[in-house]
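Before any comments, here is the structure.
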Amino acid sequence: MKHFQGQTLSWDLKDGIVELALHRQPLNEIGTQTLEELEKFVSALDSLKEEAHALILHSTLKAGFCAGADLRQLYGWFQEYGQSEVAKHAREYLERIHAVMNKLDAAPLTTIAAVHGVTFGGGFELALTCDMIIADKMARFCFPELRLGLIPSFGGIPRLKRDLGNAVIRDLLLTGRSFNTTKAQQIGLVSQVVAEGEALRAARATATQIAKFDPSTVVSAKRFIKQIPFEELRQEIDIFCKLFTRPAVMEGLRKFVENAGPHPYLP
Numbered sequence: 070m071k072h073f074q075g076q077t078l079s080w081d082l083k084d085g086i087v088e089l090a091l092h093r094q095p096l097n098e099i100g101t102q103t104l105e106e107l108e109k110f111v112s113a114l115d116s117l118k119e120e121a122h123a124l125i126l127h128s129t130l131k132a133g134f135c136a137g138a139d140l141r142q143l144y145g146w147f148q149e150y151g152q153s154e155v156a157k158h159a160r161e162y163l164e165r166i167h168a169v170m171n172k173l174d175a176a177p178l179t180t181i182a183a184v185h186g187v188t189f190g191g192g193f194e195l196a197l198t199c200d201m202i203i204a205d206k207m208a209r210f211c212f213p214e215l216r217l218g219l220i221p222s223f224g225g226i227p228r229l230k231r232d233l234g235n236a237v238i239r240d241l242l243l244t245g246r247s248f249n250t251t252k253a254q255q256i257g258l259v260s261q262v263v264a265e266g267e268a269l270r271a272a273r274a275t276a277t278q279i280a281k282f283d284p285s286t287v288v289s290a291k292r293f294i295k296q297i298p299f300e301e302l303r304q305e306i307d308i309f310c311k312l313f314t315r316p317a318v319m320e321g322l323r324k325f326v327e328n329a330g331p332h333p334y335l336p
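The following block contains the structure:
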């Protein structure tokens, strides 16, 4: 499937480049519908790779790339499944999310996240599946999960450890602070910082450059330098599910859902 238009995302293949655009209001929160459409996309990768050499992930929304998991949906699970069953449902959901993220991580294409604005939580984790992150100067990166009594659960911790090391993880995870693009480039998180609104253009230029190289060589190089930390990813799910059932988490999610004002982790 070369073209797809969904409720939360769309993709298009043109000139050997697949562009996957996120467009779910208000800020591309990743819930069940987004997951289902991402599953459709990774299923289509086998056919897309025959004509494509690069994949670009980006957002069409002005506010940013992605705010992360759909917290209202997470809170709703407590109401729907009850305290005894919610962990089981969360585990099944996370296993689906991890399957998608792992397929993106190992995609037989060079993958580029073109990000701007809010790139938080699960959105940050989605960007980390890509081979390169190109950010406009207004992008910010953050793991706010500890404020809810949780840890990132879409694979972010093992991927950051793989790519950057423990010092960066401890800073992001334990403080909940956000990094601007200057800091992100200093620590090696992003490969390019560009002017506001220019991330997608720069990603397209980079994708065009990649077309000059032999695809099989690129795939071999990627497999060598970007191994997927499967064991740590499984541990991440276990820890999240253990934390998720605590009353403090349900209370934190309740406060988030009922708060009509600006949320503390948003700029």
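Position one of the sequence shown corresponds to residue 70 (the numbering used here), numbered consecutively onward.
All C-beta atoms, glycine included, are put in the ideal place defined by N, C-alpha and C.
Alpha carbon to alpha carbon, how far is Phe189 from Asn171? Give it in angstroms, no decimals. By one-based count along the sequence shown, residue 171 stands at place 102. By one-based count along the sequence shown, residue 189 stands at place 120. Distance between the alpha carbons of Asn171 and Phe189: 19 Å.
Going residue by residue through the stretch 187 to 257, where are the continuous alpha helix (DSSP H) segments of at least 4 residues, counting only ones entirely within it? 190 to 197, 225 to 232, 235 to 244, 250 to 255
By how many angstroms is the C-alpha of Tyr150 removed from the C-alpha of Gly266? On the sequence shown, position 197 is the one that residue 266 refers to. On the sequence shown, position 81 is the one that residue 150 refers to. Taking the CA atoms as reference points, Gly266 sits about 42 Å from Tyr150.
Starting from Ser48 and walking both ways along the beta strand (DSSP E), at which residues does that stretch end? With the chain covering only 70 through 336, there is no way to say anything about residue 48.
Ile238 and Ile226 closer than 7 Å at C-beta: Start at 1 with the first residue of the sequence shown, and residue 238 comes out as number 169. Start at 1 with the first residue of the sequence shown, and residue 226 comes out as number 157. In this structure, Ile238 sits near Ile226, with a CB-CB distance shorter than 7 Å.
With distances taken between CB atoms, is the gap from Asp81 to His72 smaller than 7 Å? Sequence index remark: in the sequence shown, residue 81 carries index 12 (1-based). Sequence index remark: in the sequence shown, residue 72 carries index 3 (1-based). Cβ distance < 7 Å, so Asp81 and His72 count as in contact.
Ordered along the chain, which non-local residues of its own chain (more than five positions away) have a Cβ less than 6 Å from that of Glu88? In the sequence shown, the residue the question calls residue 88 occupies position 19. These residues qualify, in order along the chain: Asp81, Ile125.
By a C-beta neighbour count over all protein chains shown, 10 Å radius and 16 as the cutoff for buried, is Pro95 buried or exposed? Translated into positions along the sequence shown, residue 95 becomes position 26. That one is exposed.
For Ala268, the first and last residue of its enclosing alpha helix (DSSP H): The sequence position of residue 268 within the sequence shown is 199, counting from 1. Here the alpha helix (DSSP H) through Ala268 covers 268 to 279.
Are Thr179 and Asp205 close, meaning C-beta to C-beta below 7 Å? As a working note, residue 179 is residue 110 in the sequence shown. As a working note, residue 205 is residue 136 in the sequence shown. No. Outside cutoff.
Between the CA atoms of Leu78 and Ala268 - distance to the nearest angstrom: Walking along the sequence shown from the start, residue 268 turns up at place 199. Walking along the sequence shown from the start, residue 78 turns up at place 9. One alpha carbon belongs to Ala268, the other to Leu78, and they sit about 18 Å apart.
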